[in-house]
Amino acid sequence: MLKIGGAAPLNPALPPQPYRHSCSRRNYFSSNLMASRRLRAFKRWMKSQGIQCSDTLDFIDCPQQGISVGALSDLHEGDVVAKIPKTACLTIKTSGAREMIESAGLDGHLGVSVALMYEKSLAQDSPWAGYLQLLPPQECLPLVWTLGEVDSLLSGTELHKAIKEDKTLMYEDWKENILPLVYSAPQSLNPSSFSVKEYFAARSLIASRSFQIDEYHGFGMVPLADLFNHKTGAEDVHFTSVSPNQEYEDDVDSENGDNNELSKISGHDKRDSTCENSYIHSDSESDYSSVTGEDPMMLQMIMVREVKSGDEVFNTYGSLGNAALLHRYGFTEAHNPFDIVNIDLELVLKWGCSLFSSRYCRARLSLWRRINISGSIIHVISWILAFALQTRLVQTLA
17 MLKIGGAAPL NPALPPQPYR HSCSRRNYFS SNLMASRRLR AFKRWMKSQG IQCSDTLDFI
77 DCPQQGISVG ALSDLHEGDV VAKIPKTACL TIKTSGAREM IESAGLDGHL GVSVALMYEK
137 SLAQDSPWAG YLQLLPPQEC LPLVWTLGEV DSLLSGTELH KAIKEDKTLM YEDWKENILP
197 LVYSAPQSLN PSSFSVKEYF AARSLIASRS FQIDEYHGFG MVPLADLFNH KTGAEDVHFT
257 SVSPNQEYED DVDSENGDNN ELSKISGHDK RDSTCENSYI HSDSESDYSS VTGEDPMMLQ
317 MIMVREVKSG DEVFNTYGSL GNAALLHRYG FTEAHNPFDI VNIDLELVLK WGCSLFSSRY
377 CRARLSLWRR INISGSIIHV ISWILAFALQ TRLVQTLA
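Number 414 marks the last residue of the sequence shown (the working numbering); no jumps.
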């Protein structure tokens, strides 16, 4: 059964075992005392917005690791643990800056960034104040690192050049679109709330926390849904948008990425593409709701596997290597089974030609391209294994 506003007690009893990715028992009480005020404010805000949260979920705020979500009792596959009205999500369509954003022709990441910066500039006057006070000023993505940090920490990696390109393109986006908007907007805007620093901070939050909602809203910030931590290959809870044209089972198993599925936005767009979304609230949604009892204006969070009491409840952002996780979300994962190492093709060829003749290497390169293995970047492990096997075969035949 759901209880509006999240019914976890203010000072809950310790779970049977500590959450695996949260604070230690020693820090459990102190962290909750420090965070209790903002968590209480968030729960009050959720209740005011009609967000329904199961009392089986517990929010733990650890100074070192941030907020995590745990299970206060056993959770079972198929349990609906939360329902979130789409009107509670922060998108271009729901923001108080909607008219300004649409008049300027902004959409995508640019539009959502303006919406987020605008609501943050309102502070306690924003309808999302109870939610925004829970967010960090920015996420620690390489996007917001200084150039010195990028050079010292990423030099020699495939992200080094990509992050610098991201920074350059996003600065151009801010200069060409955000800066003129601040001084031409019909309402008075505080320039400091829309500075390049605030824009980069907003982009970092959007990159790591936004979700695709539906065709009308596009993507945006989804309160509560963005509190679940990632674990590769271990999705416990699935986020979905009820649709009159799609069954839940199809949504979970979809291989086509339906727009109605609430999926994590990943990566930084080099340029924001134009999204010409239109929305017609047809009677089909009302008919569907009356027949199935589901509300098409609600987002659901559904358990897709068993979670024991005391364990953390995880979302997953996909099967991504650590480079992609760092780039898109600002963290890496130890023992990531999807981690890869990339190397430039020219280096592979140079290394191969030190073992084999140039003619032989050219023949192998031709073969790779015929079987659709091409490009300037390839997976080094595959090619090292291939060369190693070829070397061993040549030695055996000799």
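For each residue, glycine too, the CB sits at the ideal point set by N, CA and C.
Taking C-beta separations shorter than 6 Å and ignoring five residues to either side along the sequence, the partners of methionine 116 in its chain run Ala201, following chain order. DSSP lists Phe235 as the bridge partner or partners of glutamine 228. Assignment of phenylalanine 354 by DSSP, reduced to helix, strand and coil, places it in the coil class. The beta-bridge partner set that DSSP reports for cysteine 78 consists of Gly82. If you look at cysteine 377, you'll find it in the alpha helix (DSSP H) that goes 374 to 386.
With the rule of 3 Cβ pairs closer than 8 Å, the stretch 235 to 253 counts as touching the stretch 116 to 132. At the C-beta level, methionine 314 and lysine 109 stay beyond 9 Å of one another. Non-local C-beta neighbours of leucine 383 in its own chain, meaning closer than 6 Å and more than five positions away in sequence, are absent. If you ignore the 5 residues before and after glycine 346, its C-beta comes within less than 8 Å of the C-beta of Glu155, Cys156, Leu157, Pro158, Ser220, Ser224, all in its own chain and listed in chain order. Glutamate 93 sits exposed, since fewer than 16 C-beta atoms from the chains shown fall within 10 Å of its C-beta. Taking the Cα of leucine 150 as reference, the smallest distance to any Cα among Tyr333, Arg321, Ile76 is reached at Ile76. Rounded to whole angstroms, valine 128 and arginine 321 show a C-alpha spacing of 32 Å. Here leucine 371 is exposed, its C-beta having fewer than 16 other C-beta atoms within 10 Å.
Bridge partners of glutamate 328 according to DSSP: Gly86.
Note that the C-beta distance between leucine 73 and leucine 88 is below 9 Å.
Beyond the five residues adjoining it in sequence on each side, glutamate 214 comes within less than 6 Å, by CB distance, of Met133 in the same chain, given in chain order. The straight-line gap separating the alpha-carbon atoms of cysteine 369 and arginine 378 is approximately 9 Å. For threonine 256, the enclosing beta strand (DSSP E) has its first and last residue at 253 to 257. Judged by DSSP in its simplified three-state form, aspartate 123 adopts coil rather than helix or strand.
DSSP places serine 168 in the uninterrupted alpha helix (DSSP H) bounded by 163 to 170.
The alpha-carbon separation between asparagine 206 and threonine 256 amounts to approximately 36 Å.
Within the model, the alpha-carbon separation for serine 52 versus threonine 248 is close to 29 Å. With respect to the 9 Å criterion, histidine 246 and methionine 319 are not classified as neighbours on the basis of their beta carbons.
With contacts defined by Cβ atoms closer than 9 Å, leucine 341 and threonine 348 form a contacting pair. Closest in C-alpha terms to methionine 62, from the list Pro353, Glu362, Leu91, Leu240, comes Leu240.
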